[in-house]
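See below for the structure under consideration.
2 protein chains.
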Amino acid sequence: MLNLSDEFQPMKNLIIASTSTVYGKGYLEYLLDEISELFKDSTEVIFVPYARPGGISHDEYTKVASKAFKKIDKKVVGLHTFSNPKEALANAGGVFTGGGNTFVLVTKLYQHDLLVPMREAIFKGLPYLGTSAGSNICGLTMQTTNDMPIMYPPSFKTLGVVPFNINPHYLDPDPDSTHMGETRETRIKEFHTQNASPVIGLREGSWLQVKQSDITLKGALTARIFEHNKEPYEIESGTIIDYF
Amino acid sequence: MLNLSDEFQPMKNLIIASTSTVYGKGYLEYLLDEISELFKDSTEVIFVPYARPGGISHDEYTKVASKAFKKIDKKVVGLHTFSNPKEALANAGGVFTGGGNTFVLVTKLYQHDLLVPMREAIFKGLPYLGTSAGSNICGLTMQTTNDMPIMYPPSFKTLGVVPFNINPHYLDPDPDSTHMGETRETRIKEFHTQNASPVIGLREGSWLQVKQSDITLKGALTARIFEHNKEPYEIESGTIIDYF
Chain P
1 MLNLSDEFQP MKNLIIASTS TVYGKGYLEY LLDEISELFK DSTEVIFVPY
51 ARPGGISHDE YTKVASKAFK KIDKKVVGLH TFSNPKEALA NAGGVFTGGG
101 NTFVLVTKLY QHDLLVPMRE AIFKGLPYLG TSAGSNICGL TMQTTNDMPI
151 MYPPSFKTLG VVPFNINPHY LDPDPDSTHM GETRETRIKE FHTQNASPVI
201 GLREGSWLQV KQSDITLKGA LTARIFEHNK EPYEIESGTI IDYF
Chain H
1 MLNLSDEFQP MKNLIIASTS TVYGKGYLEY LLDEISELFK DSTEVIFVPY
51 ARPGGISHDE YTKVASKAFK KIDKKVVGLH TFSNPKEALA NAGGVFTGGG
101 NTFVLVTKLY QHDLLVPMRE AIFKGLPYLG TSAGSNICGL TMQTTNDMPI
151 MYPPSFKTLG VVPFNINPHY LDPDPDSTHM GETRETRIKE FHTQNASPVI
201 GLREGSWLQV KQSDITLKGA LTARIFEHNK EPYEIESGTI IDYF
């Protein structure tokens, strides 16, 4: 989407989280220290509510995000409230894209022509938090989402802030299951029959911290890496993912 | 896709099954009696292998289908082996579309321009068996698939043989789950924030039998119906679905 010259040093600063919420905790609660650090220089964070989990309105969803950010004394403003959202993103001090339906999110981002300005701002150092669908769009494409295709986006290409695809809410196969639908691992293997990009299966409670060019797995859990024509394998928390 | 005049009496004859395989049984085993009856006048059944579960080749997948159909003395020929698949469908005595990835299946059907001839043949009485992805495409759109978007189809519109959408492998929420990803019910409710078509959640072991204009739920289980702006509800096996 952008032509970056070889000399360009990206100033990326992101948290790409599997989920907004871990079992038994409040919205964003497990990540509040990290978010506070990420947005330490941001007076205001723009919230992208387009993914609308469960069909919640943009206003209501922004209230949910605002409530969590209030705990770290940050003000949140919904991107949908700006008359010129492109300009708002270009001037933003911080952005948080919440989870929900990735097809709806990506369709709206294309409709408002926001993917390029968002990517440009992230490469210039905009602090960015993504959870679930908001993390999925940090990958090369949205093609490893778990969501239903309830809207038809103009393309599956996304921000490409990291050089791989993300599978949020990664779920291990249940050995006791009698369900015959595909496991997550089977689905990602099917992805690799059509696409060669690596995929990171991020379990709930894990996140990727991106600082400049370094991408580090964070949280208590391992993550599962799926590379084309290779057996999937686990990486430990703290691993720097610099080998794709 | 077709303009059907009011006088036209569709001669539909289909089995639209949630899954090819139920837990603990062989491929198609639980459906063999039904399939035998469906294809009783067909000397040869064309198999549509495009959905390629797990990335299996078209030839290998056709062998799997052939092996099951051999038990009811039916010959199976892969659609991919015909130089003119459109013509093959128009002249077919029976068609079986197997499961796998719905995005791959629908992309291939569009690439080969097969949706219209398949729909025309079905409305003229072509006996059709679908399982999983092959059932999903019988609905108005593929937008209630569970599959990953590993290919980008030209459209999400599908055969529209029944006046609703299908969610195969329908899965009830697990009350003991600590996973925070969306339940199937939540996903279908999200579908209804963008679309008004009814959705039938077909559990594994259930199928719809379509005979002319009658659509009947079959198998031992109830099915879950999701209508726009209504609470979801269950229907019993044997129910004729004539109220959409």
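Chains P and H are the protein sequences, given in the same order. For the first sequence, UniProt numbering gives the first residue as 1, with consecutive numbering after it. For the second sequence, UniProt numbering gives the first residue as 1, with consecutive numbering after it. Just so it is clear, CB atoms sit at the ideal spot from N, CA and C, and this is done for glycine as well.
Proximal residues to P:Arg224 (C-beta, below 7 Å), its chain only, five neighbours per side dropped: Tyr170, Gly201, Pro232 and Glu234, listed in sequence order.
List, in order along the chain, the chain P residues whose C-beta lies closer than 7 Å to that of H:Ile150? Gln143, Glu190, Phe191, Gln194 and Asn195
Suppose you measure from the CA of H:Thr193 to the CA of H:Arg187; what does that come to, to the nearest Å? 10 Å
Suppose contacts are defined by Cβ-Cβ distances below 7 Å. Is H:Asp59 in contact with H:Asn101 by that definition? It is not a contact, given that the beta carbons lie outside the stated cut-off.
For P:Thr177, the nearest candidate out of H:Ala65, H:Ser42 and H:Glu204 (CA to CA): It should be pointed out that residue 177 of chain P corresponds to Ser in this sequence rather than to Thr. Checking every option, the nearest Cα to that of P:Ser177 belongs to H:Glu204.
Strictly below 7 Å CB to CB, what residues from chain H border P:Asn101? Glu190
Hey, is H:Val45's beta-carbon within less than 7 Å of any beta-carbon in chain P? no
Tell me the residue span of the alpha helix (DSSP H) that contains P:His58. Start and end: His58 to Lys70.
So, with DSSP's three-state summary, where would you put H:Gly33? Here residue 33 of chain H turns out to be Asp, not Gly, going by the sequence shown. The answer is helix: DSSP assigns H:Asp33 an H, G or I state.
Quick check: what's the CA-CA separation for P:Thr145 versus P:Asn167? Rounded to the nearest angstrom, the two C-alpha atoms are 6 Å apart.
Complete alpha helix (DSSP H) runs within the region 118-148 of chain H (minimum length 4 residues, chain order): 133-136
Could you tell me if H:Ser213 is buried or exposed, where buried requires 16 or more neighbouring beta carbons within 10 angstroms of its beta carbon? H:Ser213 should be labelled exposed.
State the start and end residues of the unbroken beta strand (DSSP E) segment that holds H:Phe244. Note, H:Phe244: premise wrong, no beta strand (DSSP E); not H, not E.
Under the three-state reduction of DSSP, which class applies to P:Tyr152: helix, strand or coil? If DSSP states are grouped into helix, strand and coil, P:Tyr152 belongs with coil.
Sort H:Glu120, H:Asn136, H:Phe82 and H:Ala88 by Cα distance to H:Phe103 and report the nearest one. H:Asn136
Starting from P:Ile240, trace the beta strand (DSSP E) in both directions and tell me its first and last residue. Secondary structure note for P:Ile240: it is in no beta strand (DSSP E), with a DSSP letter that is neither H nor E.
With C-beta atoms as the reference, is P:Phe156 less than 7 Å away from P:Thr141? Going by C-beta atoms, P:Phe156 is nearer than 7 Å to P:Thr141.
Three-state secondary structure (DSSP) at H:Gln209? strand
H:Asn146: contacting residues in chain P (beta-carbon distance under 8 Å): Met148, Gly181 and Glu182
Residues near P:Asn229 in its chain [Cβ-Cβ closer than 7 Å; skip 5 each side]: none
Proximal residues to H:Thr97 (C-beta, below 6 Å), its chain only, five neighbours per side dropped: Non-local beta-carbon contacts of H:Thr97 in its own chain, meaning distances under 6 Å to residues more than five positions away in sequence, involve Val48, Gly130 and Gly134 in chain order.
Beta-ladder partner(s) of H:Lys75, from DSSP: H:Glu44
Determine which residues share a DSSP beta bridge with P:Phe96 and list them. P:Phe47 and P:Leu129
Beta strand (DSSP E) containing H:Leu217: first to last residue? Asp214 to Lys218
So for P:Ala196, helix, strand or coil by DSSP? coil
In the structure shown, what three-state DSSP assignment does residue 245 of chain H receive? Since the first and last residues shown for chain H are 1 and 244, residue 245 of chain H lies out of range.
Would you say H:Thr19 faces chain P, with C-beta separation under 7 Å as the test? yes
P:Leu114 versus P:Lys67: straight-line alpha-carbon distance, rounded: 25 Å
Which chain A residues are close to P:Tyr23, counting only those with a beta carbon under 7 Å from its beta carbon? In the structure shown, chain A does not exist; the protein chains are P and H.
Per DSSP, which one or two residues make a beta bridge with H:Ala17? H:Thr131 and H:Trp207
For P:Glu234, which three-state DSSP category applies? strand
Tell me the rounded alpha-carbon separation between H:Leu2 and H:Leu105. Because H:Leu2 carries a pLDDT of 49, less than 50, the predicted location of this residue cannot be relied on, and the following value inherits that uncertainty. Taking the straight line joining both Cα atoms gives about 21 Å.
What residue range does the alpha helix (DSSP H) around P:Tyr110 cover? Thr102 to Gln111
Measure the alpha-carbon distance for P:Lys71 versus H:Pro198 and round it to whole angstroms. P:Lys71 and H:Pro198: Cα-Cα distance of roughly 41 Å.
Can you list, in chain order, the residues of the region 203-224 of chain P whose Cβ is nearer than 8 Å to any Cβ on chain H? Glu204
Nearest-angstrom Cα separation, counted from P:Glu185 out to H:Cys138: 27 Å
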